[in-house]
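Working notes, structure below.
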């Protein structure tokens, strides 16, 4: 054994012995950090003096994590510090043991060093550079102590032209020569301490209630700042009225150095491209503002499941679609994404309660999508007023605490006075989704002229659910009748009695129930292709652009990729999605056959969709449909002009997952749609 290995093992033993001596900490104690921070951007360095005040009756021995490149000493004379676990090559932190003396409940640490985790594929744990500083909890730029929350008082010294930002109340800011000094104070328990700084262009205003609104950009752009200001007050007021008053003194939209989309307490950190996307104002912005309630003031107990993303998606992203009357389409899209990325790949499925965070499309379909639908079903069942009262109770009861779905259940049970254990258990602890079937629709006419129509609703999955299923009838008179039937068994008979003769029955046509969609219910989309467990790429091996497109997409899909070098014909696989890449006559002829029942045609020079014509040499196009006779196999044809470099364009297309028709003129999209769905196994005409 080498001397280095022997030393490492000795330190490990010391660490174990140290832990055995430590009194078990009560979970989520609140420490106070008084931080004096100096940023040295050209050196990529930070210098910090941190006076930590521990709660009364805290253990006298604690361990903490600190960035591995920071050198730390203890200044308080009665306290001592040892290394418990040196950082390995895979770790960004060193673990230390701190022994408090007998004098008081405080310890003062002094540490400094370089923090620079290079950005790779738009990922970094934090860095300091001449362009700016972005430091997260995962940077370990301050002592991170397990199972504790933090209040803090932080003073930051930075170059005079820099602006600095942390959560909490802005207490003071001044410029003294070449140094800007800014102080923030946060008295309420926080999960992490964030620090962002840089040579920002600062735009400020205030809401009517005195909340400061800031937009921090890396170059002058007053119209962009104004576009954020125009919507921030509306969103903050809406959630303040719906849930509780906004929990922070300010809200800021900050341009990061690399592409991010993060929501921190009192600010959102958006990448230079993301912050300028026009749809961000009606999607990411309300989502990140709402996280100040869900996740950043009522905290997530991740060991018991991440509830905040589903709830935030429902009350922000879904709410935006609801305002413009697109809520039904959004629910269908959510169910389609689950079908594309989870149901088609059962190995990707897991219960909602096991969701911790998004790391791919399948985890997003469960943790964001399925979870969002659970909250929708609660509101659909109890109504908006009761739904909001339950969430208000949940918020006020659990402010600044780490909580789980269990606390959400308690609040809904309290407000509704119902036992909801069955509801939460079936949706949170089981994989998959119910599969509905409509059969045996029978119409009878009575002597008095009225009609009785019976039908059978069944659940085809293994274990039954308790479901409230909407059923919509169209009558000969033009009237629409809505039923809400309780489906609690594997198969049940239901009846509608009406004066006018029914002409059509539709089971859950507006997608209020989280369930498995039939292929016939949903249009073919890009997501249905990239979510397939098998993806077959067809392209000309001599076409460099096609090769770039295939390489990019094959890295992005979760299923198995198979490459086919094609000539004049296409050999169809038995299973899996088909991706036709490039301008080939064989592809055009194949799609003409597959889209024969749609308003579509293609010639050597143009392509027609409905009543619109598009010149092939001016437009990049994406067309998705389902293989005739095999609807479980989607097929997509992608072709592009020189305005859209194939590798970059391939990445962009992944952001249009819910589309089945895309036409670009240059870079902008001029047509975004899907082929219409005309039939469903859950509908019957009579």
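In the working numbering, the protein residues as written are 1 to 686. Just so you know, even glycine gets a beta-carbon here, dropped at the ideal spot from N, CA and C.
Would you kindly check if the distance between the Cβ of residue 503 and the Cβ of residue 457 is under 9 Å?
By the CB criterion at 9 Å, residue 457 and residue 503 fall outside the cutoff.
Please list the terminal residues of the continuous alpha helix (DSSP H) segment that includes residue 322.
Here the alpha helix (DSSP H) through residue 322 covers 319-323.
Identify the continuous beta strand (DSSP E) that holds residue 152 and give its terminal residues.
It spans 148-159 - the beta strand (DSSP E) in which residue 152 sits, taken as one unbroken run.
Counting pairs of beta carbons, one from the region 257-266 and one from the region 358-366, are three or more of them closer than 8 Å?
No contact exists between the region 257-266 and the region 358-366.
Please report the distance separating the alpha-carbon of residue 198 from that of residue 218.
About 8 Å.
Using the DSSP secondary-structure output, state which residues sit across from residue 620 in a beta bridge.
In the DSSP output, where bridge partners are listed per residue, residue 620 has 664.
Is residue 223 helix, strand or coil when you go by DSSP?
If DSSP states are grouped into helix, strand and coil, residue 223 belongs with the helices.
Would you mind reading off the limits of the beta strand (DSSP E) that contains residue 654?
DSSP places residue 654 outside any beta strand (DSSP E), giving it a letter other than H or E.
Check the C-beta distance from residue 125 over to residue 138 and give it rounded, since I have them as a contact under 8 Å.
The C-beta distance from residue 125 to residue 138 rounds to 5 Å, short enough to meet the 8 Å contact threshold.
Return the chain-ordered ranges of every beta strand (DSSP E) run that is complete within the region 166-238 and spans a minimum of 3 residues.
As far as the region 166-238 is concerned, its whole beta strand (DSSP E) runs of at least 3 residues are 169-176, 179-190, 195-198, 201-206, 212-217.
Cα-Cα, which of 567, 462, 106, 489 is closest to residue 469?
The residue with the shortest Cα to Cα distance from residue 469 is 489.
Assuming residue 635 contacts residue 682 under a Cβ cut-off of 8 Å, what Cβ separation, rounded to an integer in Å, is found between them?
The beta-carbon distance between residue 635 and residue 682, rounded to whole angstroms, is 25 Å. This is too long to meet the 8 Å contact definition.
Residue environment, residue 318, which counts as buried when at least 16 other CB atoms sit within 10 Å:
That one is buried.
Is residue 409 helix, strand or coil when you go by DSSP?
Here residue 409 sits in helix by DSSP.
Output needed for residue 628: all residues of its chain with C-beta closer than 7 Å, excluding positions within five of it in sequence on either side, in chain order.
Only 594 meet the Cβ criterion.
Residue closest to residue 454, alpha-carbon to alpha-carbon, out of 434, 483, 49, 465
Closest option to residue 454, Cα to Cα, is 483.
Can you tell me whether residue 591 is buried or exposed? The criterion is at least 16 other CB atoms within 10 Å of its CB, across all chains shown.
Under a 10 Å Cβ-count criterion, residue 591 is classified as buried, with 16 or more other Cβ atoms of the shown protein chains found around its own Cβ.
Rounded C-alpha distance that separates residue 242 from residue 392
For residue 242 and residue 392, the distance between alpha carbons rounds to 8 Å.
Would you mind stating whether residue 433 and residue 370 have Cβ atoms separated by less than 9 Å?
Cβ distance < 9 Å, so residue 433 and residue 370 count as in contact.
Classification of residue 525 by the beta-carbon crowding that lies within 10 angstroms, buried from 16 upward:
Answer is buried; the Cβ neighbour count reaches 16.
Does DSSP put residue 628 in a helix, a strand or coil?
Here DSSP, grouped into helix, strand and coil, assigns residue 628 to coil.
Please return the same chain residues whose Cβ sits closer than 7 Å to the Cβ of residue 666, not counting the five positions on each side in sequence.
Closer than 7 Å at Cβ, skipping near neighbours: 643.
Let me check understanding here. Comparing Cα to Cα, which of 129, 186, 75, 685 lies closest to residue 438?
If we check each option's Cα against that of residue 438, 685 comes out closest.
According to DSSP, is residue 641 part of a helix, a strand, or is it coil?
Per DSSP, reduced to three states, the secondary structure at residue 641 is coil, with no helix or strand assignment.
Quick check on residue 376: does DSSP put it in helix, strand or coil?
Here residue 376 sits in helix by DSSP.
Kindly give me the distance between the Cβ atoms of residue 286 and residue 235, rounded to whole angstroms, as I take these residues to be in contact under 8 Å.
Yes, they are in contact, since the Cβ atoms of residue 286 and residue 235 sit about 5 Å apart, within 8 Å.
Cβ neighbours of residue 342 in the same chain (closer than 7 Å, five flanking residues each side left out)
Counting only Cβ-Cβ distances below 7 Å, and skipping sequence neighbours, we find 348, 349, 362, 365, 366.
Residue 677 to residue 521 span [Cα, whole Å]:
For residue 677 and residue 521, the distance between alpha carbons rounds to 6 Å.
Residue interval of the beta strand (DSSP E) (run including residue 537):
For residue 537, the enclosing beta strand (DSSP E) starts and ends at 534-539.
Since residue 111 and residue 39 should fall inside the 8 Å C-beta cutoff, what is the C-beta to C-beta distance between them, to a whole number of angstroms?
Actually they are not in contact, since the Cβ atoms of residue 111 and residue 39 sit about 14 Å apart, beyond 8 Å.
Residue from 240, 188, 73 whose Cα sits closest to the Cα of residue 315:
Comparing C-alpha distances from residue 315 to each of 240, 188, 73 shows the shortest one belongs to 240.
If you draw a straight line from the alpha carbon of residue 113 to that of residue 30, how long is it in whole angstroms?
Within the model, the alpha-carbon separation for residue 113 versus residue 30 is close to 27 Å.
Less than 9 Å between the beta carbons of residue 116 and residue 44, yes or no?
Cβ atoms of residue 116 and residue 44: closer than 9 Å.
So, is residue 180 buried or exposed, given that buried needs 16 or more other C-beta atoms within 10 angstroms?
Classified as buried, residue 180 has 16 or more neighbouring CB atoms from the shown chains inside 10 Å of its CB.
Can you tell me whether residue 488 is helix, strand or coil according to DSSP?
Note: residue 488 maps to coil in three-state DSSP.
Taking the C-alpha atoms as reference points, what is the distance between residue 523 and residue 118?
Rounded to whole angstroms, the gap between the alpha carbons of residue 523 and residue 118 is 41 Å.
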